[in-house]
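Sequential numbering of the sequence shown, starting at 17, is according to this note's numbering.
Where a beta carbon is used, it is the ideal one built from N, C-alpha and C, also for glycine.
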Amino acid sequence: MRKLENSELDRKSIEDFKKSDKTPLIIVLDDIRSLHNIGSVFRTSDAFLVEKIILCGITATPPNKEINKTALGATDTVAWEHHENVLEVIENLKKENVLTLAIEQVESAIFLQDFKVEKNQKYALVFGNEVHGVAQEAVAICDGCIEIPQLGTKHSLNIAVSAGIVVWDLFQKLNWPNTI
């Protein structure tokens, strides 16, 4: 086996990325403190052609040197917007028939492996603050909640890791449904 050179990876240009059909996922980041986490979510979103990122509350916005360290240019490809109030964002997404899902540990959450996607449905994935998670008020108005099962002594994952796991899972279920 030979490791591929970057020139062999057939990467999209920024223009080609913007013209590409997107995965029907919107990521909502609420009150994310770490600029590196924000950048990592941009990079993951680029990798899986996520439609858009909505940054809420205290979540920093590009251009930002620290976000760029981990985003590696993904802030130029992935569409994004900023809004102060995550509750208004969730309500507006619901009005647009986007299924809103908090990624959180709550009563009656659906474990990620059990979550079924619908082909013609757009999803918004709401991720919360590194310490407090998704605000209870946001959880209460979402259409549902997805939980990533964890079996060790810790019961939380880094926000960037959580986003990577959930985006990959939904991406593959939307694109290769017969492999589940």
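Point to revise | Those residues which DSSP pairs with E163 across a bridge | key: F127
Exercise for review: Classify V147 as buried or exposed, calling it buried when 16 or more other Cβ atoms lie within 10 Å of its own Cβ.
Suggested key: exposed
**Study point:** I162 vs L128 beta-carbon contact at 8 Å
**Key:** yes
Point to revise | Neighbourhood of C72 by C-beta, 8 Å cutoff - its chain only, sequence neighbours within 5 removed | key: When the five nearest sequence neighbours on each side are left out, the beta carbons in the same chain lying within less than 8 Å of the beta carbon of C72 are those of V44, L45, D46, D47, H98, H99, E100, N101, V102, V105, in order along the chain.
Review point. Which whole-angstrom value is the C-beta distance of F58 and A90, which I expect to be below 8 Å?
Key: 4 Å
Check your understanding: If you draw a straight line from the alpha carbon of P165 to that of L51, how long is it in whole angstroms?
Key -> 26 Å
Review point. Who are the Cβ neighbours of F33 in its own chain at under 6 Å, not counting the five residues just before and after it?
Key: T93
Check your understanding: Along the chain, which unbroken stretches of the alpha helix (DSSP H) at least 4 residues long are found entirely within the region 56-90?
Key -> 81-87
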